[in-house]
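Asker: Using my numbering, read the sequence shown as starting at 374 and increasing by one per residue. We put the CB at the ideal spot given by N, CA and C, even for glycine. Being a predicted model, the structure only gives us computed values, none of them experimental.
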Amino acid sequence: MNSQDPKENLMATIAILDAKLDTILNKLNAEPDKSKFMTAKEVEALIGLHHRSILNRSNLPPKDKNFVPFHRFGTRRKYFERKVIEKIFLPTM
């Protein structure tokens, strides 16, 4: 017979599953790296174009010349890659 109590086995399994679920939920609700990604309002502060214009351009078809690519990290909020925004909107030196 098994020397461990079935109740203890069950509690250990629950603890393992709980830890895994916490890890998954933390990844889903994680905020993106602020040095790499920015919100539409942060883009507005950087380039002066209204944040609604940025959001509207992100809804265009990808083949449109005014399309602005974006990422979502588990929420409805859109994040824009800083490097791409600077390349599209800021003049090159």
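Only counting the same chain, and skipping five residues up and downstream in sequence, which positions put a Cβ closer than 7 Å to that of Lys409?
Answerer: Taking the first residue of the sequence shown as 1, we reach residue 409 at position 36. So the list reads Glu454, Arg455, once near-sequence residues are dropped.
Asker: Establish whether the CB of His423 and some CB of chain D are separated by less than 8 Å.
Answerer: The structure shown contains no chain D, having only a single protein chain.
Asker: Let me know if Met411 comes out buried or exposed under the rule of 16 or more other beta-carbons within 10 Å of its beta-carbon.
Answerer: The residue labelled residue 411 in the question sits at position 38 within the sequence shown. Classification for Met411: buried.
Asker: Can you round the beta-carbon distance between Val457 and Pro442 to whole angstroms, since I take them to be within the 8 Å contact cut?
Answerer: On the sequence shown, residue 457 is found 84 positions in, with the first residue counted as 1. On the sequence shown, residue 442 is found 69 positions in, with the first residue counted as 1. With a Cβ gap of about 6 Å, Val457 and Pro442 count as contacting.
Asker: Looking at the secondary structure, which residues open and close the beta strand (DSSP E) in which Lys451 lies?
Answerer: In the sequence shown, counting from the first residue as 1, residue 451 sits at position 78. From DSSP, the beta strand (DSSP E) with Lys451 extends over 451–454.
Asker: Grouping DSSP H, G and I as helix and E and B as strand, with all else coil, what is Ile387?
Answerer: By one-based count along the sequence shown, residue 387 stands at place 14. Of the three classes helix, strand and coil, the one that applies to Ile387 here is helix, per DSSP.
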